[in-house]
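Below is one structure, written out as structure tokens; comments come after it.
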Amino acid sequence: MIMPDKTLFEIITVPCLSDNYAYIVKSPDGVAIIDAPEAAPIIAALDARGWEADTLLITHHHHDHHGGTRALRDRYKLKVFGPRAEADRLPDLDVAVDPGFESGSGVGRYQVLHVPGHTLGHIAYYYPEASALFSADSLMVMGCGRLFEGTAAQMWNTLDMLLNLPDETQIYSGHEYTASNMRFALSVDPDNTTLQTRAAEVEALRAKGQPTVPARLDLEKKTNPFLRASLAEMKRALGMVDATDAQVFAELRRRKDTF
Ligand code: ZN
Ligand code: FE
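Throughout the sequence shown, residue numbering follows numbering that gives the first Met the number 0, covering 0 to 258 in sequence.
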């Protein structure tokens, strides 16, 4: 049993490109970067703290998550990890990892989770000791990634698996899409009072230009419609009382695509 000890970690959110996020995880084991949309803001964030990067962990093959890899490699002696299933589309990979891979031992250890749906080989990096999940374009704050490669059933299985993580898990997703996700959530779940309260908080954060990441999983469970596809109240709201959870998820995803 791994006990969380957040005091050992520092996690920095780095806005990149127009709406991407990279993250820097500093642990006593070293410094990891999660995703590299572009190098410059990540290097600036490291420089400001006097840190060097040891590892880059890539979540999936879309260019807005690894386009800065080459430049980071030129700058630091770092090892680049990414999903083996997408290795042919990740040109600068040093270590191809499979779901279930666990890094190191003790502090700074992370686990690789398979989170298909957005892409088929998409992985997430879960740090149990930091209570942190780097989910990129699988589970997103108040939303989930579009189904570019996988099926709705695959993404639902992914979300259903992530629902089993501890409630205090912080979700660090790959983009700042929360405001539009929230408007969609309110459209399908208008009577949810927790959602209404959260909507006001999200608007206040965005008005100040602040990130809405990370978000705690227990709050996501109450307000992210895609995590609520199995609930009777959601099925009723969509007029799908007899549908399976995956069918309800598919309908939510379909509606969001044209929202
Ligand atoms: Zn993507
Ligand atoms: Fe993306």
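Backbone N, C-alpha and C fix where the C-beta goes; we use that ideal spot for every residue, glycine too.
Here's the rule: buried if 16 or more other CB atoms are within 10 angstroms of the residue's CB, otherwise exposed. What is Asp107?
Residue 107 sits at position 108 when you count from the first residue of the sequence shown. Looking at the sequence itself, residue 107 is Gly, so the reference to Asp does not match. When all chains shown are included, Gly107 counts as buried.
Check whether the Cβ of Asp159 lies closer than 6 Å to any heavy atom of ligand 2, and answer yes or no.
Within the sequence shown, the letter at position 160 stands for residue 159. Not under cutoff, so the answer is no.
Per DSSP, Asn19 is paired with what?
Against the sequence shown, residue 19 aligns to sequence position 20. Answer is Cys15 and His174, bridged to Asn19.
Check for me: the alpha helix (DSSP H) holding Phe248 runs from which residue to which?
Residue 248 sits at position 249 when you count from the first residue of the sequence shown. Here the alpha helix (DSSP H) through Phe248 covers Asp244 to Asp256.
Which first and last residues belong to the beta strand (DSSP E) in which Leu56 is found?
Here residue 56 is taken as the residue at index 57 of the sequence shown, counted from 1. Element bounds for Leu56: Thr54 to Leu56.
Taking the alpha-carbon positions, what's the Trp50 to Ala44 distance?
Here residue 50 corresponds to residue number 51 of the sequence shown, with the count starting at 1. Here residue 44 corresponds to residue number 45 of the sequence shown, with the count starting at 1. Those two C-alpha atoms are separated by around 9 Å.
Check whether the Cβ atoms of Val212 and Ser172 sit closer than 7 Å, and answer yes or no.
Position 213 of the sequence shown, counted from the first residue, corresponds to residue 212. Position 173 of the sequence shown, counted from the first residue, corresponds to residue 172. Their beta carbons are under 7 Å apart, which means Val212 touches Ser172 by this criterion.
Let me confirm a value: Lys207 is counted as buried when at least 16 other C-beta atoms fall within 10 Å, else exposed. Which label applies?
The residue labelled residue 207 in the question sits at position 208 within the sequence shown. Classification of Lys207: exposed, given that the 10 Å Cβ count is below 16.
Ligand 1 heavy atoms versus the CB of His61: any closer than 6 Å?
Within the sequence shown, residue 61 is the residue found at index 62, counting from 1. Result yes, Cβ under 6 Å from ligand 1.
Would you list, in sequence order, the uninterrupted alpha helix (DSSP H) runs of no fewer than 4 residues that lie entirely inside the region 121-170?
As far as the region 121-170 is concerned, its whole alpha helix (DSSP H) runs of at least 4 residues are 151-161.
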